[in-house]
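Participant: Protein chains in written order, with full-length UniProt numbering: chain V, 1 to 326; chain Y, 1 to 326.
Virtual Cβ for every residue (Gly too), placed ideally from N, Cα, C.
Number of protein chains: 2
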Amino acid sequence: MAVYTDINEIELAAFLDGYDIGCLLSYKGIAEGVENSNYLLHTDKGSFILTLYEKRVNRNDLPFFIGLMQHLAQKGIDCPLPVHRKDGATIGELAGRPAAIVTFLEGMWMRRPTVAHCHAVGDALARMHLAGLDFSMRRENALSVSGWRPLWDNAKDRADEVEPGLGAETEADLAFLEASWPASLPGGVIHADLFPDNVFFLGDRLSGLIDFYFASTDLLAYDLAVCLNAWCFEKDFSFNLTKGTALLRGYTSVRPLGEEEAAALPVLARGAALRFMLTRLYDWLNVPDGSFVVKKDPMEYVRRMRFHRQINSAAEYGLALNKEIK
Amino acid sequence: MAVYTDINEIELAAFLDGYDIGCLLSYKGIAEGVENSNYLLHTDKGSFILTLYEKRVNRNDLPFFIGLMQHLAQKGIDCPLPVHRKDGATIGELAGRPAAIVTFLEGMWMRRPTVAHCHAVGDALARMHLAGLDFSMRRENALSVSGWRPLWDNAKDRADEVEPGLGAETEADLAFLEASWPASLPGGVIHADLFPDNVFFLGDRLSGLIDFYFASTDLLAYDLAVCLNAWCFEKDFSFNLTKGTALLRGYTSVRPLGEEEAAALPVLARGAALRFMLTRLYDWLNVPDGSFVVKKDPMEYVRRMRFHRQINSAAEYGLALNKEIK
Chain V
1 MAVYTDINEI
11 ELAAFLDGYD
21 IGCLLSYKGI
31 AEGVENSNYL
41 LHTDKGSFIL
51 TLYEKRVNRN
61 DLPFFIGLMQ
71 HLAQKGIDCP
81 LPVHRKDGAT
91 IGELAGRPAA
101 IVTFLEGMWM
111 RRPTVAHCHA
121 VGDALARMHL
131 AGLDFSMRRE
141 NALSVSGWRP
151 LWDNAKDRAD
161 EVEPGLGAET
171 EADLAFLEAS
181 WPASLPGGVI
191 HADLFPDNVF
201 FLGDRLSGLI
211 DFYFASTDLL
221 AYDLAVCLNA
231 WCFEKDFSFN
241 LTKGTALLRG
251 YTSVRPLGEE
261 EAAALPVLAR
271 GAALRFMLTR
281 LYDWLNVPDG
291 SFVVKKDPME
301 YVRRMRFHRQ
311 INSAAEYGLA
321 LNKEIK
Chain Y
1 MAVYTDINEI
11 ELAAFLDGYD
21 IGCLLSYKGI
31 AEGVENSNYL
41 LHTDKGSFIL
51 TLYEKRVNRN
61 DLPFFIGLMQ
71 HLAQKGIDCP
81 LPVHRKDGAT
91 IGELAGRPAA
101 IVTFLEGMWM
111 RRPTVAHCHA
121 VGDALARMHL
131 AGLDFSMRRE
141 NALSVSGWRP
151 LWDNAKDRAD
161 EVEPGLGAET
171 EADLAFLEAS
181 WPASLPGGVI
191 HADLFPDNVF
201 FLGDRLSGLI
211 DFYFASTDLL
221 AYDLAVCLNA
231 WCFEKDFSFN
241 LTKGTALLRG
251 YTSVRPLGEE
261 EAAALPVLAR
271 GAALRFMLTR
281 LYDWLNVPDG
291 SFVVKKDPME
301 YVRRMRFHRQ
311 INSAAEYGLA
321 LNKEIK
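(1) Would you say Leu16(Y) faces chain V, with C-beta separation under 8 Å as the test?
(2) Grouping DSSP H, G and I as helix and E and B as strand, with all else coil, what is Pro82(Y)?
(3) Closer than 9 Å between beta carbons: that is the criterion. Which residues of the region 44-72 of chain Y meet it against chain V?
(4) Using a Cβ-Cβ cut-off of less than 7 Å, give me the residues of the region 95-110 of chain V that come near chain C, in sequence order.
(5) For Glu178(Y), count neighbouring Cβ atoms within 10 angstroms of its own Cβ and tell me buried if that reaches 16, exposed if not.
(6) If the cut-off is 8 Å on Cβ atoms, which residues from the region 21-36 of chain V count as contacting chain Y, listed in chain order?
(7) When DSSP labels each residue in this structure, what does Ser180(V) get in the three-state scheme?
(8) Please report the residue range of the alpha helix (DSSP H) in which Ala13(V) lies.
(9) What are the residues of the region 224-254 of chain V that lie near chain Y, defined by any Cβ-Cβ distance shorter than 7 Å?
(10) So which of Leu274(V), Ile10(V), Asn58(V) has the shortest CA-CA distance to Glu169(V)?
(11) Which chain Y residues sit within Cβ distance under 9 Å of Arg112(V)?
(12) Does the distance from the CB of Ile10(V) to the CB of Thr43(V) come in under 8 Å?
(13) Can you tell me the Cα-Cα spacing of Ala225(V) and Ala264(V), whole angstroms?
(14) Considering Ala269(V), what are the terminal residues of the alpha helix (DSSP H) in which it resides?
(15) For the 8 Å Cβ check, are there 3 or more pairs between the region 88-102 of chain Y and the region 234-253 of chain Y?
(16) Can you grab the Cα-Cα spacing for the pair Ile311(V) / Ser238(V), in whole Å?
(17) Could you tell me the alpha carbon to alpha carbon distance between Leu220(Y) and Leu281(V), rounded to whole angstroms?
(18) My output table needs one value for Met305(Y): the three-state DSSP class, helix, strand or coil.
(19) Just to make sure I have the definition right: I need the residues of chain Y whose C-beta is within less than 8 Å of the C-beta of His42(V). Which are they?
(20) Counting along the chain, where does the alpha helix (DSSP H) carrying Ser253(Y) start and finish?
(21) Can you check DSSP and say which residues form a bridge with Arg97(V)?
(22) Go through its chain and collect everything with a Cβ distance to Leu166(V)'s Cβ below 7 Å, but skip five positions before and after it.
(23) Quick one: does Leu202(Y) have its CB under 8 Å from some CB of chain V?
(24) Report the residue from Phe64(Y), Ile7(Y), Tyr19(Y) whose alpha carbon sits nearest the alpha carbon of Thr217(Y).
(25) Going along the chain, which unbroken runs of the beta strand (DSSP E) with 3 or more residues stay wholly within the region 25-50 of chain Y?
(26) In the DSSP output, which residue or residues are listed as bridge partners for Ile325(Y)?
(27) Residues bridged to Ile77(Y) by DSSP?
(28) If you follow the alpha helix (DSSP H) that Asp223(Y) is part of, which residue opens it and which one closes it?
(29) Report the rounded CA-to-CA distance for Asp6(Y) versus Leu41(Y), giving the unit in angstroms.
(30) Exposed or buried, which one is Cys23(Y) when buried takes at least 16 other CB atoms within 10 Å?
(31) Of all the beta strand (DSSP E) runs that stay within the bounds of the region 136-223 of chain Y, which reach a length of 3 or more residues?
(32) Please report the straight-line C-alpha distance between Glu171(V) and Pro298(V), rounded to a whole angstrom.
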């Protein structure tokens with residue numbers, strides 16, 4: 001659920017006067033996206049997405065996000081293309097919020113991704129990483145390892161409300177990860193949130209990546225570790241090795257991992273699980289019931305953390321150590 | 001907010017196999033409609049709305065609603081046209097719920113309707129009433145005068161929680177309305193919920209009526225009274241006589257009121273205000289916070305009830321007694 005801000009026809013017409021996207025035929029608030037308000041527009045020139053950036057998004061970050069989408073689209077990555085206003089800008093203001101219009105991507109996100117989808121998302125992630133290498137802007141990843149301790153400090157006293165012992169368990173994991181986090185792996189632009197709802201398909205063909213609002217400059221292999229968490233676990237929290245193998249094969253077919261990246265994958269995957277556990281835990285404990293922010297169960301990521309703790313090598317995720325490392 | 005039921009790509013593909021509407025390109029849950037889950041579909045043949053009927057809708061009523069839309073569309077009324085399945089049916093099942101696909105109507109609902117919009121909605125309501133005269137199915141209006149007492153019995157003990165004195169005030173109004181409700185005005189199919197969010201416009205041109213899920217067989221003039229409540233009050237609860245005049249002129253230009261209908265308009269308008277007050281009050285008191293049912297303030301209709309109590313004649317709503325009565 002994610003229309004926080006309703007907009008009326010008068011302010012919308014005034015906003016659209018700044019664009020050359022044709023005559024407005026309809027606008028519908030869409031129930032996707034967790035952070036912002038999104039409308040699907042039909043005009044006589046096509047379909048577009050209008051996004052109103054709500055308070056969880058820092059408006060100083062918008063030029064990075066918009067610039068990244070422009071850069072990636074230019075490089076042939078299928079992602080929404082920000083539409084320029086007549087005055088050349090890509091960000092305007094609507095209903096008191098920063099707002100942008102991007103092209104609409106056809107495609108559907110997979111509630112039940114298959115092995116083929118996992119392969120395709122690995123491939124697309126690697127292509128995105130390569131395409132982003134010469135993107136000139138930087139944005140620190142506030143939700144990388146250095147950001148976890150402050151999040152945890154705000155939640156740890158009540159963690160045991162979710163499951164007895166979760167406080168001590170998480171404390172130990174966090175200390176381990178802070179001590180073991182790799183310092184010098186290849187970096188670049190990462191998506192940082194490439195979950196199934198951010199990847200569109202038409203059949204088995206990947207038609208686009210969306211929602212770059214967590215994108216930042218960080219370790220590329222960490223992005224892959226996020227995807228292992230997001231795509232390769234089943235609803236019963238078992239790791240699907242066939243999907244892991246496909247995801248990694250898709251990725252390394254485009255961008256082989258370095259030896260150090262491969263060796264770090266278990267730590268990175270464990271860190272990625274902790275990162276999503278922490279933000280879910282924070283919301284679980286702090287967002288009031290009945291808010292429009294959908295609260296997701298942090299235990300789904302505690303289960304992943306426990307899995308990753310037992311992993312000794314990237315081979316256990318499906319990486320072919322003899323083939324997929326450069 | 002109104003996507004109660006998420007659907008996955010597998011069950012959706014199976015459902016769409018029953019239709020001949022082209023190749024699915026995207027489906028987005030849309031945040032409109034209060035009772036059901038609605039998806040906007042894009043296919044290579046156009047746009048459609050997929051509705052999953054949630055538990056507030058009685059599935060035995062669906063043939064009436066669907067049949068009515070077919071009937072009205074056939075008669076030239078701009079409303080969604082139910083799409084036939086390959087097997088001829090118009091209702092299927094998806095995610096354990098009855099589901100139907102209708103054509104998508106371009107247009108926008110007016111958050112801030114103008115006088116011109118009020119005239120257009122009056123005109124369209126009258127055309128709908130005429131077009132419905134030979135519709136052969138009947139559906140009792142469960143939310144007409146005989147349905148108010150049971151609703152009230154479930155809410156009256158707690159009405160004073162909303163405003164002290166509301167219990168006695170409503171009791172008196174209800175008793176008055178039960179005693180004064182007109183028995184023999186012209187009847188037919190009414191929309192019964194023709195609020196601004198159910199009427200689409202392209203500029204000042206009315207492009208369609210939607211959401212027939214309260215439609216029923218009742219007094220035609222009562223439908224007009226609902227519209228007076230829905231379209232002609234300002235946000236400060238003042239009645240806008242210019243809008244009232246335009247709405248009534250639009251209606252009577254197509255279907256002049258009978259003398260008895262005109263005389264009954266103040267009672268009907270008072271009843272319509274009570275009807276919406278009662279359902280809002282019921283939800284206000286009974287729907288838990290944080291439910292996806294959006295709770296609207298019953299006091300907005302208490303304010304209208306108080307206004308209508310002081311009205312002596314339809315002229316005070318803007319009816320030209322010498323011209324608009326047949």
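Facilitator: By the coordinates alone:
(1) no
(2) strand
(3) Ser47
(4) In the displayed structure, chain C is absent; the protein chains listed are V and Y.
(5) exposed
(6) Leu24, Leu25, Ser26, Tyr27, Lys28, Gly29, Ile30, Ala31, Glu32
(7) Assigned with DSSP and collapsed to three states, Ser180(V) falls in helix.
(8) 9-16
(9) none
(10) Leu274(V)
(11) Asn8, Glu9, Ile10
(12) no
(13) Taking the straight line joining both Cα atoms gives about 10 Å.
(14) 259-286
(15) no
(16) 13 Å
(17) 54 Å
(18) Met305(Y) carries a helical assignment under DSSP once its states are collapsed to helix, strand and coil.
(19) Ser47, Glu106
(20) 241-254
(21) Leu94(V)
(22) Ala159, Asp160, Val302
(23) yes
(24) Phe64(Y)
(25) With a minimum length of 3 residues, the continuous beta strand (DSSP E) runs that stay inside the region 25-50 of chain Y are 37-43.
(26) Paired residues: Leu257(Y).
(27) Ile77(Y) pairs with nothing; no bridge assigned.
(28) Note, Asp223(Y): alpha helix (DSSP H), 220-231.
(29) If you take the alpha carbons of Asp6(Y) and Leu41(Y), they lie about 14 Å apart.
(30) exposed
(31) 187-190, 199-202, 205-209, 216-219
(32) For the pair Glu171(V) and Pro298(V), the Cα-to-Cα distance works out to about 15 Å.
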